[in-house]
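One rule links them: number in my numbering = place in the sequence shown (from 1) + 406.
For each residue, glycine too, the CB sits at the ideal point set by N, CA and C.
Because the structure is a prediction, the values reported are computed rather than measured.
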Amino acid sequence: MFSYRHAFHAGNHADVLKHFVQVQLHKYMNQKDAAYTYVDTHAGAGVYALDSAQALKSGESEGGIARLWGRDDLPAALAEYVDLVRAMNPSGKLRYYPGSPYVAERCARMEDRLRLFELHPADVKLLDQNIRKLEAHKAEQGERARGRRIIVERADGYQGLKALLPPPSRRALVLCDPPYEVKLDYKHVFDAFGEALGRFPAGTYAIWYPVLQRMESRQFADRLKRLPAKEWLHVTLSVATPGPDGTGMHSSGMFILNPPYTLEATLRETMPYLVKVLGTDSGATFRIETGTQVTGAMTGRSGTGPRVPVGNARRASPLSGAGSLRLPGQAYEAPARAPAAAEAGDAAKREARRPFYKTQAKPAGATGAARGETGGSREAGPAPVRSRSPARPAGAAGGPGASAGAPRKPGGRKGPGRP
Ligand code: SAM
């Protein structure tokens, strides 16, 4: 039952997409003063050592975070995510990778609440240690939450989610990231979010899934579009052409119910870069779709081909907020940058809210760096040397506490892992 260990896959292209989007979701939630509850239904170990036996065996981070590590041309939103990873690796070598709980801990504010569910006995122990260490570091810095800011539970995430909704704060961000080892996971997710929307329609719900040949996977996003959320956003990233035998995970998606209105534009600015840097052949591409449950209106656009309108022009594009409704076939234009004064105001606001990744804990464990070197136009630049002083998070998964298991290589279906 507990064969999946995320330590084999940490920092791969799917994690890059998921955690980059997660940072953006927190950033959006942080714009309002009111506190929110973050629920991680499938939390994993929280921190991963990329030089652990598991991570090295699969080498998956080489096709993910390692390719972004030394870049100095990152789009702004992607830089926020990479900076978070850099801050936990102050030596300048990529050794540790944050899991979703760590990303949440860094991005959420002291008044926000984190509820983390994990079933694997070893991973939940590591998660708990990592979180305690982060909290101890915060306390040393004089940052103390009122009450229990973070609760780790060894419990089923679907049930846990149900019990937490609606949250007392009436604001919630939920990340659901199951292993999808069994077909039933697709059904569980669908059912869980149908129920979650019934209990708390205003929540922002982010669901990661692998894009695979398997029927459940291919139909999954279409099923999610039928959930009764006011709006949804669907983004997929493919880094390679699927193999003829359909094995391997070259593509993954994030489906967000009630997404931030700013997210579509951010993705449009960022996904072409991810395709360029993470793509390994001409099959690399992305797709962004948005729609509403009420009208079913949807536009679907991929990264390489022309835009393909699937339904009406979107009812309420974030860009239409600036007064322009894009019509089918009309070229996308990035929103004009705010004038300098507004930018200065934004910067001041950001500063006042404390940058996400100011001080970092460093996970214990492994030695040796993993930095991606790729050929052709996908070169990696030198790793920046960071001067920020880190705190040390606890044991990283893949370190001494992690158990063995065969990895799922991006190009082949092996052992425990997402199918
Ligand atoms: N969200 C993590 C991240 O981004 O760093 C990775 C999570 S990993 C893909 C999925 C995790 O879900 C595994 O650690 C697995 O043990 C755990 N898991 C599987 N079924 C679960 C369930 N029903 N409830 C809670 N956790 C579960």
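- Annotation for T610: L579, N664 place their beta carbon closer than 6 Å to its own, counting only its chain and skipping 5 residues before and after.
- Looking from the CA of Y434, the closest CA among P648, M655, P666 belongs to P666.
- Across the structure, P616 and V645 are spaced so that their CA atoms are roughly 12 Å apart.
- Here DSSP, grouped into helix, strand and coil, assigns L643 to strand.
- The alpha-carbon of K499 is positioned some 11 Å away from that of A493.
- Of the candidates A671, D529, E695, the residue whose Cα lies closest to the Cα of L630 is E695.
- With fewer than 16 other Cβ atoms inside 10 Å of its own Cβ, D651 counts as exposed.
- It is roughly 13 Å from the alpha-carbon of P607 to the alpha-carbon of I662.
- Taking the Cα positions, F599 is about 28 Å away from L532.
- Secondary structure note for P616: its beta strand (DSSP E) is the uninterrupted segment 610 to 616.
- DSSP places V445 outside any alpha helix (DSSP H); the residue lies instead in the beta strand (DSSP E), whose first and last residues are 443 to 446.
- Bounds of the alpha helix (DSSP H) holding F626 are 621 to 630.
- In terms of Cα proximity to C582, the closest of Y564, L571, S575 is Y564.
- For the pair of segments examined, the stretch 519 to 532 was found not to touch the stretch 474 to 483: the number of CB pairs separated by less than 8 Å stays below three.
- In the pairwise beta carbon analysis, the stretch 455 to 474 is classified as not touching the stretch 543 to 553: fewer than three pairs are separated by under 8 Å.
- Taken in chain order, the whole beta strand (DSSP E) runs of length 3 or more contained in the stretch 498 to 544 are 502 to 504, 519 to 523.
- If you draw a straight line from the Cα of L603 to the Cα of L567, it is about 11 Å long.
- Taking 9 Å as the cut-off, the beta carbon of A612 is found closer than this to the beta carbon of L431.
- Nearest in C-alpha terms to G654, of all of I557, Q547, Q619, is Q619.
- If you ignore the 5 residues before and after R560, its C-beta comes within less than 6 Å of the C-beta of V530, all in its own chain and listed in chain order.
- By the criterion of a C-beta distance shorter than 8 Å, L480 is surrounded in its chain by L474, V488, Y679, once the five residues flanking it on both sides are discounted.
- For A455, the beta-bridge partners assigned by DSSP are Y502.
- Between E587 and the set L571, I537, R577, S623, the nearest pair of CA atoms involves S623.
- In this model, E670 and P504 are separated by some 24 Å (Cα to Cα).
- L484 carries a helical assignment under DSSP once its states are collapsed to helix, strand and coil.
- With a cut-off of 8 Å, the C-beta of T610 is classified as distant from the ligand SAM, since no heavy atom of the ligand falls inside that distance.
- Here the alpha carbon of E637 sits roughly 34 Å from the alpha carbon of R552.
- The continuous beta strand (DSSP E) containing G659 extends over residues 657 to 663.
- Counting every other CB atom within 10 Å of its CB across the protein chains shown gives L484 a total of 16 or more, marking it as buried.
- According to DSSP, A578 shares a beta bridge with T443.
- For D534, the CB stays at least 8 Å from every heavy atom of the ligand SAM.
- Beyond the five residues adjoining it in sequence on each side, R632 comes within less than 8 Å, by CB distance, of Q699 in the same chain, given in chain order.
- The alpha-carbon separation between M621 and A420 amounts to approximately 20 Å.
- For F692, the enclosing beta strand (DSSP E) starts and ends at 691 to 698.
- The distance from the Cβ of G470 to that of G417 is about 5 Å, consistent with a contact at the 8 Å cut-off.
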